[in-house]
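Below: one structure, written as structure tokens.
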Amino acid sequence: MDSGGLPGIQQEVEVCYCGKGRNLGSAELQCQTCSKWYHQDCTGCNIGSSIPFMCNYIYQCKHCGPNGLESFQKKLASFQQICYTTLANLTYMFRDENRVMFSRDREIIPFVEKHWEMMTTMPRRIKSTWHTTVNKTLAKETDIFFGNETAAGDTQFGLLNSDLYKVTPAFEILTKSNTQIQAPQRPGVPVDKGLRGQKRKANQETVQVTNNKAKKGEMLNITRLAPHGYPTEHPFNKDGYRYILVEPDPHAPNRQAYDDSIEWAGKPIPGYLYRTFMGSEVLLALHDRASQLKISEDRLSVTGEKGYSMIRACHGVSRGSWYYEVHVDEMPENTATRIGWAQQQGNLQAPCGYDKFSYAWRSRKGSKCHQSILKLYSAPYREGDTLGFHIYLPEPDDPHHLVPASHKDQPLVKFKNHLYYEAKDHVGDAEKLLKIKPGSKIGFYLNGKFQGVAYENLYGGTYYPAISLYKLAKN
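Residue numbering for the sequence shown follows UniProt numbering, starting at 1 and increasing by one per position.
This is the structure we're talking about:
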């Protein structure tokens with residue numbers, strides 16, 4: 001961009017998603033992790049009202065985000081930041097005149113008053129006492145601003161460093177020890193140990209959140225995420241309720257109008273403004289499991305505890321031919337596993353194959369199991385074996401049935417600074433709606449050898465890889 005010949009402005013090219021350089025005349029976001037600049041129009045974030053050179057935010061680009069997604073959080077601007085943004089905009093507006101000093105009463109204060117909502121989330125001040133606060137801030141912060149008084153008695157101020165390419169969010173001011181976005185290091189290496197959650201047991205993390213409705217005006221801090229993008233502290237699916245992590249929906253209608261409206265203040269956030277978060281990898285689900293099960297950090301292995309309980313994968317299948325494998329790492333004496341396929345309504349505090357929603361292969365005696373009915377199927381499997389699980393689901397008559405539920409009509413709840421849809425599981429109603437899917441089938445493999453078709457004509461639905469363990473078995 002042309003700097004207009006203003007002394008002190010040096011052009012620096014930082015690559016946006018579009019590959020183009022800076023554009024000082026419009027709102028831009030700087031990534032906290034990589035320090036690159038991104039044009040607002042090139043990002044997928046809904047940042048609401050904005051202004052060039054704003055600095056009261058925390059942004060992370062999708063290249064640096066631990067879950068491959070952008071994150072944006074607007075902070076309450078201090079008067080220091082308001083003055084900083086104001087002088088940067090005035091310097092840019094009058095760049096052709098090479099002006100670097102501006103009148104406090106005729107230019108700075110009127111600019112703040114005109115653009116108040118764009119620069120801060122503070123309610124607009126009714127009394128003019130904030131004018132004095134602006135004057136004190138400009139006079140006090142001598143490491144940022146400098147001023148003088150003209151012969152006519154007009155007090156003027158300017159930026160000590162007038163290079164507008166150096167105007168950047170003051171992260172050291174905006175972020176505190178527990179609200180800063182943590183940049184991922186690498187799988188297996190924990191981030192800041194000062195954050196909570198590492199030493200808490202899984203069953204202690206479970207908190208009833210059904211009455212904690214997310215409301216507009218509650219600034220959600222971006223907290224620690226696991227290496228694969230799911231919060232380390234989260235609500236568990238239990239007691240007939242499922243909690244589904246969400247992300248802002250960039251395609252939601254009237255999002256800008258909602259962000260700018262004050263009528264929604266203190267009211268629940270509409271669910272349609274968000275969408276279900278879908279990870280890019282098939283892993284064991286942190287939330288869709290019995291709380292006593294222990295998952296490895298890479299979410300590829302699970303260890304049992306006490307009686308039978310189940311965990312599902314984070315992605316399911318509803319048509320086509322699918323296969324996954326499990327290696328039995330540990331199976332001490334008096335432990336057991338039942339592994340197979342389960343729908344969302346399958347009971348997590350019971351073994352796979354317990355109800356109509358799941359089909360399983362049992363380690364003891366090699367039996368198969370569905371609706372708690374055991375039948376002989378194959379030789380038993382044991383520690384060190386590799387198991388294969390195949391499912392075939394024919395194409396549906398109506399493709400619309402394959403579209404997953406959006407849950408946009410469900411309430412949003414807040415847990416540990418993240419939003420979730422709260423969906424009620426109507427197991428009884430779902431069981432009544434089950435219909436046989438002709439041609440569907442399940443088969444199992446033991447160390448690469450097919451053991452035969454275990455079940456045919458399954459109940460239709462979306463099936464997830466499912467593992468249930470008894471005592472300290474590990475897969």
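Yeah, the Cβ is synthetic: ideal placement off N, Cα and C, and Gly gets one too.
- Between the alpha carbons of leucine 24 and lysine 36 lies a gap of roughly 14 Å.
- The DSSP-derived three-state label of proline 465 is strand.
- For the stretch 301-332, there is no continuous alpha helix (DSSP H) assignment of 4+ residues that stays within its boundaries.
- Take the alpha-carbon of proline 253 and the one of asparagine 475: they are about 44 Å apart.
- Within a 10 Å sphere around the beta-carbon of glutamate 422 sit 16 or more other beta-carbons, which makes this residue buried.
- For lysine 414, the uninterrupted beta strand (DSSP E) segment begins and ends at 412-415.
- Residue pairing by DSSP places threonine 337 opposite Leu469 in a beta bridge.
- Here alanine 466 really is in contact with tryptophan 341; their C-beta atoms are around 6 Å apart, less than 8 Å.
- Threonine 150 and glycine 19 have their C-alpha atoms roughly 45 Å apart.
- Taking all protein chains in view, the Cβ of serine 321 is surrounded by fewer than 16 other Cβ atoms within 10 Å, so the residue is classified as exposed.
- Looking only at Leu90, Ser50 and Gly65, the smallest Cα-Cα distance to lysine 75 is reached by Ser50.
- The DSSP-derived three-state label of arginine 106 is helix.
- Shown here, arginine 22 sits in coil according to DSSP, grouped into three states, outside any helix or strand.
- Look at histidine 407 here: in three-state DSSP terms it is coil, with no helix or strand label.
- For tryptophan 116 and methionine 122, the gap between their C-alpha atoms comes out near 8 Å.
- Apart from the 5 residues on each side of it in sequence, glutamate 107 sits with its Cβ closer than 8 Å to the Cβ of Leu90 in its chain, given in chain order.
- At least 8 Å separates the beta-carbon of threonine 132 from that of glutamine 80.
- Beyond the five residues adjoining it in sequence on each side, cysteine 352 comes within less than 6 Å, by CB distance, of Met310, Arg338, Gly340, Ala342, Ser358, Ala360, Ala466 and Ser468 in the same chain, given in chain order.
- Per the DSSP secondary-structure output, histidine 370 pairs in a beta bridge with Tyr359 and Ile373.
- Under DSSP, lysine 238 forms a beta bridge with Tyr241.
- Exclusion of the five residues before and after methionine 101 leaves Gln156 and Gly158 as the residues of its chain whose Cβ lies within less than 6 Å of its Cβ.
- Membership of tyrosine 445 in any alpha helix (DSSP H) is not indicated; the residue belongs instead to the beta strand (DSSP E) covering 441-446.
- Proline 235 and leucine 69 have their alpha carbons spaced roughly 21 Å apart.
- Closest by C-alpha distance to phenylalanine 111, out of Tyr84, Arg95, Tyr445 and Lys375, is Tyr84.
- Shown here for isoleucine 47: same chain residues with a beta carbon closer than 6 Å to its own, the five before and five after excluded, namely Phe72 in chain order.
- Using a Cβ distance threshold of 8 Å, valine 326 and leucine 387 count as a contacting pair.
- Between tyrosine 59 and glutamine 40, the C-beta gap is not smaller than 8 Å, which leaves the two residues out of contact.
- Burial check for proline 399: the Cβ neighbour count within 10 Å stays below 16, so the residue is exposed.
- For tyrosine 57, same chain residues with a beta-carbon under 8 Å away, outside a window of 5 residues either side, are Leu29, Ile47, Phe72, Gln73, Lys74, Lys75, Pro169 and Leu174 in chain order.
- In this structure, the alpha-carbon of cysteine 64 lies about 45 Å from that of lysine 368.
- Nearest C-alpha to histidine 390 among Phe450, Gln344 and Leu348: Phe450.
- Separation of leucine 87 and threonine 43 (C-alpha to C-alpha, rounded to the nearest whole angstrom) is 26 Å.
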